Amino acid sequence: MGVRETSGVQVRLGSRESERERRERRRKGRRSGLVAAGVLVLAGLVTAGLVLTPGSGDKGETQAAPAAGERAPGGAVKPPPAGSPITVGTADGSRYRIAAVTSGISDGVVTTFQSTPPSGTAFPYIEYILSNPGGGKVLLDFPGDVFVRRALVTPAARGRCMPQAGVPEALCTPPTDSQVVRRLAGGALVAGEGGDKYLPPGASYLVRATVDVPVDRGVKRSDMALYVWKQLYMADRLARQAPFPKGQ
């Protein structure tokens, strides 16, 4: 390599071949450094267990997150199957929507029956959905009453089981105790004066209406029905039935 003076500045000159060799060595050095760095990163991922291959995990499956507006399985509250609803109202404009859900028998846990029920008897109940379809709150009340086949009521209690206009003669309605089972939709009950409670607009609750006199334990759903008959809701109209779901 020679030396050449140019305006008092020394400039080292080399052959073109030497310059190309230097550039090539630099490129090879950079590639070697990148390969080494990649090997180190890959080794670190494997050590940490972050490199996944198809089929890795408990069952080789992945689950998508719930979409916006959806709830994960098990988190949703779905209303139970119900029959065709009926809507009734009072003179002050309060409206209630009722839909029968199911029936069953109780051994008297929630009844007010004072005496020991005869052997072979039970206290049937009907569960129904009570909703407020209006735009304002309404007093929590229980328009639905259970009717049972009169012949199945114990003889000592038949005097407390009353027939009603618009209901088949074979059925009668005994004293009934109604209680809220759980909320299905809408807001919570609103507290009022004197211990009253109100259904907020759009709210739905599951209600259980339990007969308060002993009935033959063999009572079936076909021996029971849910009606609204009180003048408070029906005025001069006949009783209306809230049917059970079809096929159940």
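For the sequence shown, our numbering begins at 19 and goes up steadily by one. Here a beta-carbon is modelled for each residue, glycine too, at the ideal position from N, C-alpha and C. Every value quoted in this text rests on a predicted model; they were computed, and no experiment measured them.
Helix, strand or coil, according to DSSP, for D195 in the structure here?
Taking the sequence shown and counting its residues from 1, the one referred to as residue 195 is at position 177. Strand.
Given a threshold of 16 other Cβ atoms within 10 Å of its Cβ, counted over all protein chains shown, does L244 qualify as buried or as exposed?
Position 226 of the sequence shown, counting from 1, holds the residue named residue 244. Classification for L244: buried.
Exposure of P219, with buried meaning 16 or more beta-carbon neighbours within 10 Å:
On the sequence shown, position 201 is the one that residue 219 refers to. With fewer than 16 other Cβ atoms within 10 Å, it is exposed.
Determine the direct distance from the alpha carbon of M242 to that of A257, and round the result to whole angstroms.
To locate residue 257, count along the sequence shown from 1; it is residue 239. To locate residue 242, count along the sequence shown from 1; it is residue 224. The straight-line gap from Cα to Cα measures roughly 15 Å.
Along the chain, where does the beta strand (DSSP E) that runs through M242 open and close?
Counting from one through the sequence shown, the residue named residue 242 turns up at place 224. Looking at the DSSP string, the run of the beta strand (DSSP E) that includes M242 is M242 to V246.
Please name the residue, chosen from V246, V233 and V156, that lies closest to T134 on a Cα-to-Cα basis.
Working through the sequence shown from its first residue, we reach residue 134 at position 116. Here the closest residue by C-alpha is V233.
Mapping the DSSP letters down to three states, classify P218 as helix, strand or coil.
Residue numbering aside, residue 218 sits at position 200 when the sequence shown is read from its first letter. In the structure shown, P218 sits in coil (DSSP, three-state: anything other than H, G, I, E or B).
Mark R226 as exposed unless 16 or more other C-beta atoms lie within 10 angstroms of its C-beta, in which case mark it buried.
In the sequence shown, the residue the question calls residue 226 occupies position 208. Classification of R226: buried, given that the 10 Å Cβ count is 16 or more.
Among the residues of its own chain, which have a CB less than 6 Å from the CB of S112, if the five just before and after it don't count?
Reading the sequence shown from its first residue, position 94 is the one you call residue 112. Within the same chain, S112 has close Cβ partners V156.
By how many angstroms is the C-alpha of N150 removed from the C-alpha of E79?
Taking the first residue of the sequence shown as 1, we reach residue 79 at position 61. Taking the first residue of the sequence shown as 1, we reach residue 150 at position 132. With a pLDDT of only 31 at E79, under the threshold of 50, the placement of this residue in the model should not be trusted; the figure read from the coordinates follows. Taking the straight line from one Cα to the other gives about 44 Å.
Where K264 and L224 are concerned, what is the direct C-alpha to C-alpha distance, given to the nearest angstrom?
To locate residue 264, count along the sequence shown from 1; it is residue 246. To locate residue 224, count along the sequence shown from 1; it is residue 206. Cα to Cα, K264 sits roughly 19 Å from L224.
If distances are taken between C-alpha atoms only, which option among P186, P192 and I147 comes closest to T172?
On the sequence shown, residue 172 is found 154 positions in, with the first residue counted as 1. Measuring from the Cα of T172, the nearest candidate turns out to be P192.
Since G162 and A253 are thought to touch, with beta carbons under 8 Å apart, how far apart are those beta carbons, to the nearest angstrom?
By 1-based counting over the sequence shown, the position of residue 162 is 144. By 1-based counting over the sequence shown, the position of residue 253 is 235. Going by Cβ atoms, the distance from G162 to A253 rounds to 17 Å, so no, they are not a contact pair.
Around the C-beta of R167, are 16 or more other C-beta atoms found within 10 angstroms, so that it is buried, or is it exposed?
As a first step, residue 167 must be located in the sequence shown, where it is residue number 149. Answer is buried; the Cβ neighbour count reaches 16.
Since L250 is in the beta strand (DSSP E), which residue starts that stretch and which ends it?
The sequence position of residue 250 within the sequence shown is 232, counting from 1. From DSSP, L250 is part of no beta strand (DSSP E) but of the alpha helix (DSSP H) over Q249 to M252.
Check whether the Cβ of T105 sits closer than 7 Å to any heavy atom of the ligand COA, and report yes or no.
Here there are no bound small molecules, and the ligand COA is not part of this structure.
Unbroken beta strand (DSSP E) run spanning R113, endpoints:
Numbered from its first residue, the sequence shown carries residue 113 at position 95. Element bounds for R113: R113 to S124.
Rounded to whole angstroms, what's the CA-CA distance from K96 to K248? Just pull it up for me.
As a working note, residue 96 is residue 78 in the sequence shown. As a working note, residue 248 is residue 230 in the sequence shown. In a straight line, the C-alpha of K96 is about 30 Å away from that of K248.
Close beta carbons around R201, own chain, < 6 Å, minus the five adjacent residues each side
Position 183 of the sequence shown, counted from the start, is the residue given in the question as residue 201. Only Y223 meet the Cβ criterion.
Quickly, what does DSSP pair T228 with across the bridge? List them, please.
Your numbering for residue 228 matches position 210 in the sequence shown. Y143 and D195, per the DSSP bridge assignment.
Consult DSSP for G236 and reduce its assignment to one of helix, strand or coil.
Within the sequence shown, the letter at position 218 stands for residue 236. Correct three-state label for G236: coil.
Buried versus exposed call for V199 [16 or more other C-beta atoms within 10 Å across all chains shown]:
Here residue 199 is taken as the residue at index 181 of the sequence shown, counted from 1. V199 is exposed by the Cβ-count criterion.
Inter-residue Cα distance where the pair is T105 and C179
The residue labelled residue 105 in the question sits at position 87 within the sequence shown. The residue labelled residue 179 in the question sits at position 161 within the sequence shown. The alpha-carbon atoms of T105 and C179 are separated by roughly 25 Å.
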